[in-house]
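Chains as they are written, first to last, in this note's numbering: chain F, 302 to 612; chain P, 302 to 612.
Ideal placement from N, C-alpha and C gives every residue a C-beta, glycine not left out.
Remember, it's a predicted structure, so these values are computed and weren't measured experimentally.
2 protein chains.
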Amino acid sequence: MNIAIAGSGALGCGFGYMLQKNGQNVTLLDYWEDHIEAIRNNGLTVSVNGVKGTLPMTIARPEEVSGEMDVIFVFTKAMGLEKMMTQINHLIGTKTKIVCLLNGLGHLKTLEAFVDRRNIIMGTTVWTAGIIAPGETQLNGNGPVELQNSHPEEEEAARVIVNILKDSGLFGEYSKNVKYTTWRKACINGTMNALCALLDASIDQLFASPSIDSLLNGIVDEFAAVAKAQDDIEIDRDEMIHYLKEVASRLGSHYPSMHQDLFNRRPTEIDYLNGAVVEAAEKYGIEAPHCRRMTDLIHAKEAVLEIKTGR
Amino acid sequence: MNIAIAGSGALGCGFGYMLQKNGQNVTLLDYWEDHIEAIRNNGLTVSVNGVKGTLPMTIARPEEVSGEMDVIFVFTKAMGLEKMMTQINHLIGTKTKIVCLLNGLGHLKTLEAFVDRRNIIMGTTVWTAGIIAPGETQLNGNGPVELQNSHPEEEEAARVIVNILKDSGLFGEYSKNVKYTTWRKACINGTMNALCALLDASIDQLFASPSIDSLLNGIVDEFAAVAKAQDDIEIDRDEMIHYLKEVASRLGSHYPSMHQDLFNRRPTEIDYLNGAVVEAAEKYGIEAPHCRRMTDLIHAKEAVLEIKTGR
Numbered sequence: 302m303n304i305a306i307a308g309s310g311a312l313g314c315g316f317g318y319m320l321q322k323n324g325q326n327v328t329l330l331d332y333w334e335d336h337i338e339a340i341r342n343n344g345l346t347v348s349v350n351g352v353k354g355t356l357p358m359t360i361a362r363p364e365e366v367s368g369e370m371d372v373i374f375v376f377t378k379a380m381g382l383e384k385m386m387t388q389i390n391h392l393i394g395t396k397t398k399i400v401c402l403l404n405g406l407g408h409l410k411t412l413e414a415f416v417d418r419r420n421i422i423m424g425t426t427v428w429t430a431g432i433i434a435p436g437e438t439q440l441n442g443n444g445p446v447e448l449q450n451s452h453p454e455e456e457e458a459a460r461v462i463v464n465i466l467k468d469s470g471l472f473g474e475y476s477k478n479v480k481y482t483t484w485r486k487a488c489i490n491g492t493m494n495a496l497c498a499l500l501d502a503s504i505d506q507l508f509a510s511p512s513i514d515s516l517l518n519g520i521v522d523e524f525a526a527v528a529k530a531q532d533d534i535e536i537d538r539d540e541m542i543h544y545l546k547e548v549a550s551r552l553g554s555h556y557p558s559m560h561q562d563l564f565n566r567r568p569t570e571i572d573y574l575n576g577a578v579v580e581a582a583e584k585y586g587i588e589a590p591h592c593r594r595m596t597d598l599i600h601a602k603e604a605v606l607e608i609k610t611g612r
Numbered sequence: 302m303n304i305a306i307a308g309s310g311a312l313g314c315g316f317g318y319m320l321q322k323n324g325q326n327v328t329l330l331d332y333w334e335d336h337i338e339a340i341r342n343n344g345l346t347v348s349v350n351g352v353k354g355t356l357p358m359t360i361a362r363p364e365e366v367s368g369e370m371d372v373i374f375v376f377t378k379a380m381g382l383e384k385m386m387t388q389i390n391h392l393i394g395t396k397t398k399i400v401c402l403l404n405g406l407g408h409l410k411t412l413e414a415f416v417d418r419r420n421i422i423m424g425t426t427v428w429t430a431g432i433i434a435p436g437e438t439q440l441n442g443n444g445p446v447e448l449q450n451s452h453p454e455e456e457e458a459a460r461v462i463v464n465i466l467k468d469s470g471l472f473g474e475y476s477k478n479v480k481y482t483t484w485r486k487a488c489i490n491g492t493m494n495a496l497c498a499l500l501d502a503s504i505d506q507l508f509a510s511p512s513i514d515s516l517l518n519g520i521v522d523e524f525a526a527v528a529k530a531q532d533d534i535e536i537d538r539d540e541m542i543h544y545l546k547e548v549a550s551r552l553g554s555h556y557p558s559m560h561q562d563l564f565n566r567r568p569t570e571i572d573y574l575n576g577a578v579v580e581a582a583e584k585y586g587i588e589a590p591h592c593r594r595m596t597d598l599i600h601a602k603e604a605v606l607e608i609k610t611g612r
């Protein structure tokens, strides 16, 4: 299959590498010049759970590529999705499937402005990845990648991509409720991630705080209320808190990605997490003061750190 | 008059120095050994708006002093008031007036457990002060010190102390509504102070943030609702926001005291500001999620910084 990776950062390179290695015809798309040059000169080097390999790969700016793709994986930051969709528009045909594994909420709506819902496959993944240098990344974990068709008649198409991911060692799984896993992941990012970023704390430091339950409850309650109103998704507060604590105990002294964003002076995805909950809450007449305060505080922290958010 | 300063830190020393210099008989009370030793050996040195002077002063641990005082100024941190009242109990007679200029809410109730309301003079001040070294402090500003009797029949007593403060260059003023100024000051501390501490920001950095209005509104609304329910005090949100911005523009690149507390790894007074609002809100059936989140976040930050709060 002709597969494009729209946004070839850490996770995009990891996926592109595994797909290409296992027989797919992959084109990496990106705008980072040093990265493009390094891959063109030396191939793409990826360490998968510590095992390093190098492959020659095609990498280009979207406008340098032509022809309709079979599948495009979008791997931008949440705030970069809309712009990327305009940049890859010429690669999307009537049968091109767009696979979206982005963090955060509201991406289906963004994608529907560009492609028919029939061609949108939404998903989540718990693979993690990092950039080591231009042309060199790492991919860690053992999946899964959960996918589901956004249109009821497109299950077969989703399952084809699930199988490609399975065959490529990326642990694809067909999900009957990807909306739930998306909300659950957003809930993790909107609590653990946002709080660690704001407090400059590691996960275990955050969870050792005497106010942790109160800090989690307020946010989780609001995510649950909006998930119910908007997507008819049931989030049980106690179950979610239990899950959060279990995830936290596994991650220990790790700093989550939003903390790394602030540390590296990059804008965060807060508008697609707590901020998206605030926006949806308004629509449904729900109060979301905890998510509003978290969103405002993270934006204030971005401003204090003089991070350009483009807002 | 025999005046004791119960808690001779920066502000206590500044007040004690000015009172002693202008004819009062002042006893400084404290437990900080280096400070006591320095003042006993070399006197107390205070820079008042940059003008340095040294006076021999009496300083002692409370238990080393006996006899009833005419006036006792309490100058502890908010969380130290109750303990200090037990430590100075033997210096309080039936006519001893207690003057309380502490930051925060709820101190009248604490004091009433030890002395009759007739003898409690509540107040606020905008003098600022700092410790330079043991035995050496600075006092800055030009007041005022607003005082009001807590019992309607004790105005005369309050006015006597106001005049002493005036005569000592401390700019005493009789207030007809010290509850309002106390709430207003708590509102400043519960917004500007708490937010700068949490975000590790100077006042001008905080107020330059694009989310500043939303950050202030949520907290001010809750302070206003509780001030009304508990003390029948009217706080107008727009007026208060305007006042906050005006104060902020004067203070500029300054870091407020709660920021300094965290920076110096000391517990904050958040429980007597936003935390007191949360507690009172519960009593009156008012929602206070913004104050609750701020309180929880500041406590989480204290925990991350491994500050012992004694809670």
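- Would you tell me roughly how many angstroms separate the C-alpha atoms of I421/P and Q449/P, rounded to the nearest one? Looking at the backbone, the Cα of I421/P and that of Q449/P are separated by about 9 Å.
- Report the three-state DSSP secondary structure of N450/P (helix, strand or coil). If DSSP states are grouped into helix, strand and coil, N450/P belongs with the strands.
- Query: Taking the alpha helix (DSSP H) that N518/P falls in, what are its first and last residues?
  - Reply: It spans 513 to 532 - the alpha helix (DSSP H) in which N518/P sits, taken as one unbroken run.
- Message: At a threshold of 7 Å, does L345/F count as lining the ligand ADP (C-beta to nearest heavy atom)?
- Response: The ligand ADP is not part of the structure shown, which contains no ligands of any sort.
- Message: DSSP has T328/F in a bridge; who is on the other side?
- Response: In DSSP, T328/F forms a bridge with A305/F, T359/F.
- Task: Take the Cβ of A311/P as the centre, count every other Cβ of all protein chains shown within 10 Å, and call the residue buried at 16 or more, exposed below.
- Result: With a threshold of 16 other beta carbon atoms within 10 Å, A311/P meets it and is buried.
- Message: Let's see if you can read the secondary structure: which residues bound the alpha helix (DSSP H) around N443/P?
- Response: Segment: none, N443/P is in no alpha helix (DSSP H) and carries neither H nor E.
- In chain P, which residues lie less than 8 Å from H600/F when you measure between Cβ atoms? S510, P511, S512, listed in chain order.
- Message: If I measure Cβ to Cβ from V548/F and keep anything under 8 Å in the same chain, skipping five residues before and after, which residues do I get?
- Response: Once the five neighbours on either side are set aside, the close Cβ partners of V548/F are I489, M493.
- Beta-carbon neighbours of Q388/F, restricted to chain P and to distances below 8 Å: Chain P residues near Q388/F: none, gap ~27 Å exceeds 8 Å.
- Is the shortest distance between the beta-carbon of G424/F and the beta-carbons of chain P less than 8 Å? Taking Cβ atoms only, chain P never reaches closer than 8 Å to G424/F, which makes this a no.
- Message: With three or more beta-carbon pairs closer than 8 Å as the criterion, would you say the segment 537 to 548 of chain P touches the segment 498 to 517 of chain P?
- Response: Below 8 Å, enough C-beta pairs join the segment 537 to 548 of chain P and the segment 498 to 517 of chain P to call them touching: three or more.
- Task: Taking only the alpha-carbon atoms, compute the straight-line gap between L320/F and I304/F and give it to the nearest angstrom.
- Result: Taking the CA atoms as reference points, L320/F sits about 9 Å from I304/F.
- Identify the residues that DSSP records as bridge partners of M385/F: which are they? In DSSP, M385/F forms no bridge with anything.
- What does T429/F pair with, by DSSP beta-bridge criteria? Its beta-bridge partners are N441/F.
- Message: Using CA atoms only, rank isn't needed, just tell me which of F376/F, F415/F, G381/F is closest to G394/F.
- Response: Residue F415/F is the option with its Cα nearest to G394/F.
- Message: Restricting to Cα atoms, I'd like to know which of G344/P, S515/P, T328/P is closest to C589/F.
- Response: Just to set this straight, residue 589/F is Ala in the shown sequence, not Cys. Closest by alpha carbon: S515/P.
- Helix, strand or coil: how does DSSP classify F374/P here? DSSP places F374/P in strand when its eight states are reduced to three.
- In the segment 493 to 507 of chain F, which residues sit with their C-beta less than 8 Å from some C-beta in chain P, listed in chain order? Across the segment 493 to 507 of chain F, CB contacts with chain P closer than 8 Å involve L496, L499, L500, D501, A502, Q506, L507, in sequence order along the chain.
- Name the chain F residues that come within less than 9 Å of G519/P, Cβ to Cβ? P590, R593, R594, D597, listed in chain order.
- Query: Which residue comes first and which comes last in the beta strand (DSSP E) that contains I399/F?
  - Reply: Where I399/F is concerned, the enclosing beta strand (DSSP E) starts and stops at 398 to 401.
- Query: Is there at least one Cβ from chain F nearer than 8 Å to S515/P's Cβ?
  - Reply: With 8 Å as the cut-off, S515/P counts as an interface residue toward chain F.
- Out of curiosity, what's the CA-to-CA distance linking L517/F and C497/F? Taking the straight line joining both Cα atoms gives about 12 Å.
- Query: Which partner residues of E474/F appear in the DSSP bridge assignment?
  - Reply: By DSSP's assignment, E474/F forms a beta bridge with E447/F.
- Item | Simplified DSSP state of M354/F, which is helix, strand or coil | The identity of residue 354/F in the sequence shown is Gly, whereas the question assumes Met. Three-state result, G354/F: strand.
- Item | Option in M370/P, E535/P, I433/P with minimal Cα separation from V349/P | Closest by alpha carbon: I433/P.
- Message: Less than 8 Å between the beta carbons of P357/P and L330/P, yes or no?
- Response: Contact: no.
- Message: List, in chain order, every chain P residue whose beta-carbon is nearer than 9 Å to that of V372/F.
- Response: None at all; the shortest Cβ gap to chain P is about 38 Å.
- For chain F, find out if any of its Cβ atoms is closer than 8 Å to the Cβ of V479/P; answer yes or no. Taking Cβ atoms only, chain F never reaches closer than 8 Å to V479/P, which makes this a no.
- Message: Can you tell me whether A434/P is helix, strand or coil according to DSSP?
- Response: In the structure shown, A434/P falls within a strand segment according to DSSP collapsed to helix, strand and coil.
- Query: By the criterion of Cβ-Cβ separation under 9 Å, what are the contact partners of V605/P in chain F?
  - Reply: Neighbours of V605/P across chain F, judged by C-beta separation under 9 Å: L500, D501, A502, S503, Q506, L507, A509, S510.
- Query: Are the beta-carbon atoms belonging to G405/F and A601/F less than 8 Å from one another?
  - Reply: No.
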